[in-house]
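Q: Pasting a structure below so you can have a look.
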Amino acid sequence: MKCPGQDTRYWKPDDIFDCRCTSCGATLEFFKDESARRCPSCGFRMKNPRLDLGCAKWCPYGPQCLGTEPGARRDEG
Ligand SMILES: [Zn+2]
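With numbering that gives the first Met the number 0 applied, the sequence shown corresponds to residues 0 to 76, in that order.
Pasting the structure below:
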């Protein structure tokens with residue numbers, strides 16, 4: 000069970016937003032807490048430009064809540 004801060008029921012409308020695939024220009028729907036999403040059109044793995052982990056950024060239970068350590072994996076170029 001997720002905490003309320005990570006529950007989509009408590010999200011604002013703009014916490015889910017459309018973004019253009021940088022590879023093919025197709026529209027992708029991102030959730031703010033998704034680090035990346037695969038483009039259904041071309042298969043490109045698009046990084047979330049507006050990644051927002053909400054309370055998991057500072058909550059001591061954030062890593063367990065998300066199932067990962069925020070910022071632990073640095074695969075950015
Ligand atoms: Zn694409």
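Where is the CB? At the ideal position from N, CA and C, for every residue including glycine.
Quick caveat, the model's predicted, so the values are computed rather than measured.
Closer than 7 Å: is that where the CB of Ala25 sits relative to any heavy atom of ligand 1?
A: Yes, ligand 1 has a heavy atom inside 7 Å of this Cβ.
Q: Just to confirm my understanding: we take Arg19, look at its own chain, exclude 5 residues before and 5 after, and list those with CB closer than 8 Å. What are they?
A: If we look at Arg19 and ignore the five residues flanking it on each side, its Cβ neighbours are Ala25, Thr26 and Leu27.
Q: Ligand 1 and Phe29: does the residue's C-beta get closer than 7 Å to at least one heavy atom of that ligand?
A: No, ligand 1 has no heavy atom inside 7 Å of this Cβ.
Q: Could I get the ranges of all uninterrupted alpha helix (DSSP H) runs contained in the segment 25-68, with 4 residues as the minimum, in chain order?
A: If we require 4 residues or more, the alpha helix (DSSP H) runs fully inside the segment 25-68 come out as 61-65.
Q: Below 6 Å CB to CB, which residues in the same chain sit around Asp14 once its five sequence neighbours on both sides are set aside?
A: Excluding sequence neighbours, Asp14 sits near Lys31.
Q: Which residue from Tyr9, Asp6, Lys11 and Ser22 puts its Cα closest to that of Arg44?
A: Comparing Cα-Cα distances from Arg44 to each of Tyr9, Asp6, Lys11 and Ser22, the minimum goes to Ser22.
Q: Report yes if the C-beta distance between Cys64 and Lys11 is below 8 Å; otherwise report no.
A: No, the pair does not count as a contact, with Cβ atoms beyond the cut-off.
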